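Let me begin by presenting the structure, written as structure tokens, before commenting on it.
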Amino acid sequence: MRKAFICPSKYVQGENELLNLGYFVKSFGSSALLIAHSDDVARVKTQLDATASKYGVTFVESNFGGECSRQEVARLEELAKQNKCDCTIGLGGGKAIDTAKCVAKGHALIIAPTIAATDAPTSHSAVLYTPDGAFDDYAYFMQSPSVVLVDTTVIAKAPVRLLVAGMGDALSTYFEARATSASFSNVNAGLPCGAREGLCPPAKGTNTALALAKLCYDTLLADGAKAKEACECDIVTPAFENIIEANSLLSGLGFESGGLAGAHAIHDGLTILEGTHGYYHGEKVAFGTIAQLVLENAPAHELEEVLDFCLSVGLPVCLKDIGVDKITDQELIAVAEKSCIPEESVHSMPFPITVEAVAAAIKVADKIGSSYKQSRR
89 MRKAFICPSK YVQGENELLN LGYFVKSFGS SALLIAHSDD VARVKTQLDA TASKYGVTFV
149 ESNFGGECSR QEVARLEELA KQNKCDCTIG LGGGKAIDTA KCVAKGHALI IAPTIAATDA
209 PTSHSAVLYT PDGAFDDYAY FMQSPSVVLV DTTVIAKAPV RLLVAGMGDA LSTYFEARAT
269 SASFSNVNAG LPCGAREGLC PPAKGTNTAL ALAKLCYDTL LADGAKAKEA CECDIVTPAF
329 ENIIEANSLL SGLGFESGGL AGAHAIHDGL TILEGTHGYY HGEKVAFGTI AQLVLENAPA
389 HELEEVLDFC LSVGLPVCLK DIGVDKITDQ ELIAVAEKSC IPEESVHSMP FPITVEAVAA
449 AIKVADKIGS SYKQSRR
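So the sequence shown is numbered by the working numbering: it starts at 89 and just counts up by one.
The following block contains the structure:
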């Protein structure tokens, strides 16, 4: 059996770590293309100026447009070429990070997230959109970022809702990796180097990835609520540090080398409902996790444990929590159909999947979540 595991070359996390950004740039050369929205640059301008001066490096600002599109990638590639940049930095949220991955193409890449809302920073994949924000395609590269530099002081000052959304994304990691392992399905870690052209044989997940995914879940249960309280005070505590690691590193390694399954597929299906558009990826994935547990008939104690965690940090547990006050049977089937298209990760579940079964799981998860939330008031 062919297995694969992929990870960044270096992961560094701590307070005021952006002050060391110049050190990592220096390992590649003297200049870096800085892919970041102007607002994110403004947030950390003092740190950027300080590290540039200390290490004698230059940041070529890119005025990132905000969308990871083919056109923006092409523009930034030309900018890097014109300025003879030695490496690429993705600073900010998911779209700046993904754009940096596309520009660097797996080489000399530093990722510096300013929020902990997703597990994108450590991965070797990116999501491309059209200039107006519609989904375009996925991109995979030969390797994960060279350096992931996480400044917890900066993230502690970001909106609390973003941290909680990151916990929602991380919540699915163990349950999806567990399902993928049970079904012997392929994982993303085996996808680079011409996967679509059939040049790269598929791979299964490793025991290491499954163990990291379980640690991710255990960390959320132990420190999620405490980390939220720390973030509400804009301060860094041990619990906050642990959750940043869970959201960024453990979830990132767990999803990419452990696999995705029902939760993310159901998230993708839910995106056709307009009411969900105002909610973050991780918020919708949290509900998708509950639906996956219903789909696989998980033990009642496990489902209640997940519901209790979601309520303790403020994650959605029912459709109303993600902007869907009412859903018709026709809409429900449409969501399930999108969740079940052939290329979706729901087929990594360890049993045959039908549209009807997924629709039923969403409907029952909504009822269970609504009732449970009401009973805990």
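All residues carry an ideal CB built from backbone N, CA and C; glycine is no exception. Since this is a predicted model, take the numbers as computed values, not measurements.
Member of the options whose CA lies at the smallest distance from the CA of residue i
i: L237; options: A244, K169, Q101 and D454; result: Q101
i: L407; options: F439, T377 and A334; result: T377
i: G80; options: V412, A334 and F112; result: Since the first and last residues shown for the chain are 89 and 465, residue 80 lies out of range.
i: I441; options: A453, D128, K426 and D454; result: K426
i: V405; options: F328, L259 and N295; result: L259
i: T218; options: V252, L197 and S157; result: S157
i: G357; options: A422, C319, N295 and A130; result: A422
i: L136; options: G153, E264, G110 and S150; result: G110
i: I410; options: K172, V373, A92 and A200; result: V373
i: T268; options: K91, R464 and A447; result: K91
i: T240; options: V443, P201, G194 and S459; result: P201
i: S436; options: S400, A349, A388 and A447; result: A349
i: V401; options: L298, A253 and E392; result: A253
i: C313; options: M255, A351 and L303; result: Correcting the residue type first, residue 313 is Ala in the shown sequence and not Cys. A313 has its Cα closest to that of M255, out of M255, A351 and L303.
i: F152; options: A334, A310 and E160; result: E160
i: S433; options: F263, F147, A310 and T187; result: F263
i: Y305; options: I332, F439 and C288; result: I332
Residue i (DSSP reduced to helix, strand or coil)
i: P201; result: strand
i: A214; result: strand
i: G363; result: helix
i: D257; result: helix
i: I94; result: coil
i: L122; result: strand
i: K426; result: helix
i: K142; result: helix
i: K292; result: strand
i: G282; result: Because the pLDDT of G282 is 47, which lies under 50, any placement of that residue in the model is unreliable, and the question is left without a value.
Assigned exposure category for residue i - 16 Cβ within 10 Å defines buried
i: K169; result: exposed
i: I429; result: exposed
i: K414; result: exposed
i: S273; result: buried
i: R266; result: buried
i: F223; result: exposed
i: Q380; result: buried
i: D220; result: exposed
i: K183; result: buried
i: D128; result: buried
i: N104; result: exposed
i: G293; result: buried
i: A449; result: buried
i: D396; result: exposed
i: T261; result: buried
Residue range of the unbroken alpha helix (DSSP H) whose run includes residue i
i: I450; result: V443 to S463
i: L309; result: N295 to E320
i: V161; result: R158 to Q170
i: F328; result: P326 to E333
i: L109; result: L109 to K114
Any C-beta of chain C under 8 Å from that of residue i
i: A196; result: In the structure shown, chain C does not exist; there is a single protein chain.
Limits of the unbroken beta strand (DSSP E) element including residue i
i: K98; result: K98 to G102
i: A374; result: It is not in any beta strand (DSSP E) - A374 instead sits in the alpha helix (DSSP H) that spans H369 to L383.
i: T176; result: C175 to G180
i: T146; result: T146 to E149
i: D225; result: F223 to Y228
i: L348; result: That residue, L348, is in no beta strand (DSSP E); it is neither H nor E in DSSP.
i: V394; result: Here V394 belongs to no beta strand (DSSP E); instead the alpha helix (DSSP H) covers A388 to V401.
i: L237; result: V235 to D239
Validate contact between the region 226-233 and the region 208-215 using beta carbons, cut 8 Å, 3 pairs: yes
Validate contact between the region 326-346 and the region 262-278 using beta carbons, cut 8 Å, 3 pairs: yes
contact_flag[the region 116-134, the region 321-328] where n(CB pairs < 8 Å) is 3 or more: no
Cβ contact (3+ pairs, closer than 8 Å) linking the region 122-131 and the region 177-191: As far as the Cβ criterion goes, the region 122-131 touches the region 177-191, which means the pair count is three or higher.
contact_flag[the region 435-454, the region 365-372] where n(CB pairs < 8 Å) is 3 or more: no
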